[in-house]
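Worksheet: one structure, shown below.
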Amino acid sequence: MARPQKRGLSYFPFDVDFFSDKKIKRLRAKFGNDGVSVYIYILCEIYRNGYYTELDEDLVLDISDELNISENSTTQILNYLLSRSLFNDILAKSVKVLTAASVQRRYQEAKKGNKTDIEVERKFWVLKEEETLSFIKLCPVENKSGINSGFSGINPSLSEINPINKSKVNKSKVNKTKSSSCKCTEDEDEQKQHPVKNCDETYFNRFWNAYPKKEHRLEAFEQWRLLSPDNELLEIIINAVINHTQSEKWNQENGKYIPLAENWLKNKRWEDVLRPVKSSKKSTYDINKIFEYSKNNIPDFED
Numbered sequence: 026m027a028r029p030q031k032r033g034l035s036y037f038p039f040d041v042d043f044f045s046d047k048k049i050k051r052l053r054a055k056f057g058n059d060g061v062s063v064y065i066y067i068l069c070e071i072y073r074n075g076y077y078t079e080l081d082e083d084l085v086l087d088i089s090d091e092l093n094i095s096e097n098s099t100t101q102i103l104n105y106l107l108s109r110s111l112f113n114d115i116l117a118k119s120v121k122v123l124t125a126a127s128v129q130r131r132y133q134e135a136k137k138g139n140k141t142d143i144e145v146e147r148k149f150w151v152l153k154e155e156e157t158l159s160f161i162k163l164c165p166v167e168n169k170s171g172i173n174s175g176f177s178g179i180n181p182s183l184s185e186i187n188p189i190n191k192s193k194v195n196k197s198k199v200n201k202t203k204s205s206s207c208k209c210t211e212d213e214d215e216q217k218q219h220p221v222k223n224c225d226e227t228y229f230n231r232f233w234n235a236y237p238k239k240e241h242r243l244e245a246f247e248q249w250r251l252l253s254p255d256n257e258l259l260e261i262i263i264n265a266v267i268n269h270t271q272s273e274k275w276n277q278e279n280g281k282y283i284p285l286a287e288n289w290l291k292n293k294r295w296e297d298v299l300r301p302v303k304s305s306k307k308s309t310y311d312i313n314k315i316f317e318y319s320k321n322n323i324p325d326f327e328d
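First residue of the sequence shown: 26, per my numbering; consecutive thereafter.
Written as structure tokens, this is what we have:
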């Protein structure tokens with residue numbers, strides 16, 4: 026089986042005039058360093074995944090937790106980034122993803138050295154045809170009618186960020202259909218030569234039984250099939266889940282920051298570097314104080 030194409034970047038170019046940009050100056054003026062930190066965090070998430078990242082409740086929670094910024098402030102900053110076109114407002118409202126033309130220009134520049142073509146999803150690609158380099162191949166998109174023109178932006182309740190279950194099911198069905206017609210996944214001939222034992226429910230159940238948040242099983246299974254891990258990666262994922270359940274973040278506020286399994290898989294969170302749970306018990310014994318107490322309070326017994 027051919028090695029899967031790596032979509033994300035290990036690092037990305039950072040403009041030395043970044044802080045001189047008028048949009049960044051206004052961002053700092055309004056939100057201070059928190060605004061800049063959120064912007065750079067999202068850029069890292071985008072490039073780690075490729076050329077876009079999903080805009081959902083998990084992203085807001087992750088930003089809030091990692092940067093120690095309130096969820097309300099994080100949401101306000103996101104709204105501001107969209108209003109200033111630092112990210113594409115139309116895609117954020119219609120298909121809940123974050124990307125930008127500047128992001129995609131840097132992405133294709135970083136991928137110039139690839140020996141193979143890079144396939145991208147047409148509905149998420151915002152560069153014009155004349156700007157798109159020749160090795161970037163756009164996957165065809167079926168006709169979809171799920172664009173929400175009445176979207177009013179992100180609000181503090183996150184009700185617009187968190188899509189309802191029905192829309193997620195529909196999205197997973199679209200992804201399943203697309204995988205049979207687009208080269209972004211393995212072609213049919215290769216799938217016939219290599220049965221999909223890596224995607225079967227037995228393998229997935231091992232992951233699901235270990236994962237603590239039992240929500241949206243169908244969507245998680247669809248993401249598992251897209252990932253199609255081999256035996257080695259399966260063990261890495263299971264061990265990572267076990268380590269995550271012992272991490273500081275997942276043990277805060279009764280598991281509030283545990284992401285949905287589908288997002289954990291999609292974002293390759295098994296590669297995270299974790300902070301261990303801080304011990305809640307500290308030793309209260311001070312040998313010097315005990316010795317001092319015994320010296321002053323325990324009487325000497327004379328013969």
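The beta-carbon is built from N, C-alpha and C at its ideal position, and this holds for glycine as well.
Close Cβ partners of residue i (< 6 Å) along its chain, the five nearest in sequence each way excluded
i           : result
residue 102 : 56, 60 and 63
residue 78  : 70, 71 and 123
residue 33  : 73, 74 and 75
Nearest-angstrom Cα separation, counted from residue j out to residue i
i           : j           : result
residue 137 : residue 279 : 45 Å
residue 98  : residue 87  : 13 Å
residue 243 : residue 229 : 11 Å
residue 39  : residue 113 : 19 Å
residue 80  : residue 256 : 31 Å
residue 145 : residue 52  : 30 Å
residue 37  : residue 72  : 7 Å
residue 115 : residue 148 : 11 Å
residue 273 : residue 139 : 38 Å
residue 110 : residue 260 : 42 Å
residue 108 : residue 226 : 43 Å
residue 239 : residue 119 : 28 Å
residue 126 : residue 117 : 13 Å
residue 253 : residue 231 : 14 Å
Where the alpha helix (DSSP H) through residue i begins and ends
i           : result
residue 144 : Here residue 144 belongs to no alpha helix (DSSP H); instead the beta strand (DSSP E) covers 143-146.
residue 86  : 82-92
residue 252 : 242-252
residue 65  : 58-74
residue 15  : Only positions 26 to 328 of the chain appear in the structure, and residue 15 is not among them; the question remains open.
residue 99  : 96-108
residue 277 : Residue 277 -> no alpha helix (DSSP H), and no H or E assigned at all.
residue 287 : 286-291
residue 32  : That residue, residue 32, is in no alpha helix (DSSP H); it is neither H nor E in DSSP.
Same chain, Cβ closer than 7 Å to residue i, five either side skipped, listed in chain order
i           : result
residue 44  : none
residue 258 : none
residue 268 : 299
residue 83  : 284, 285 and 288
residue 246 : 229
residue 106 : 64 and 112
residue 12  : Any property of residue 12 remains undetermined from this structure, which presents the chain solely from 26 to 328.
Contact set for residue i: own chain, Cβ-Cβ below 8 Å, skip 5 residues either direction
i           : result
residue 306 : Its pLDDT being 47, under 50, residue 306 is placed unreliably in this model, and the coordinates cannot settle the point.
residue 22  : The chain is shown from 26 up to 328; residue 22 falls before or after that span and cannot be answered.
residue 297 : 265 and 269
Buried or exposed (CB count within 10 angstroms, at least 16 for buried), residue i
i           : result
residue 35  : exposed
residue 41  : exposed
residue 129 : buried
residue 134 : exposed
residue 94  : buried
residue 121 : buried
residue 54  : exposed
Opening and closing residue of the beta strand (DSSP E) in which residue i lies
i           : result
residue 267 : Where residue 267 is concerned, there is no enclosing beta strand (DSSP E), although the alpha helix (DSSP H) it sits in stretches over 256-270.
residue 163 : 161-164
For residue j and residue i, believed in contact at Cβ under 8 Å, the rounded distance
i           : j           : result
residue 282 : residue 90  : 5 Å
residue 67  : residue 123 : 6 Å
residue 291 : residue 248 : 5 Å
residue 295 : residue 262 : 5 Å
Cβ-heavy atom distance, residue i to the ligand SAM, below 7 Å
i           : result
residue 146 : Summarising the ligand content, the structure contains no ligands, and the ligand SAM is consequently not present.
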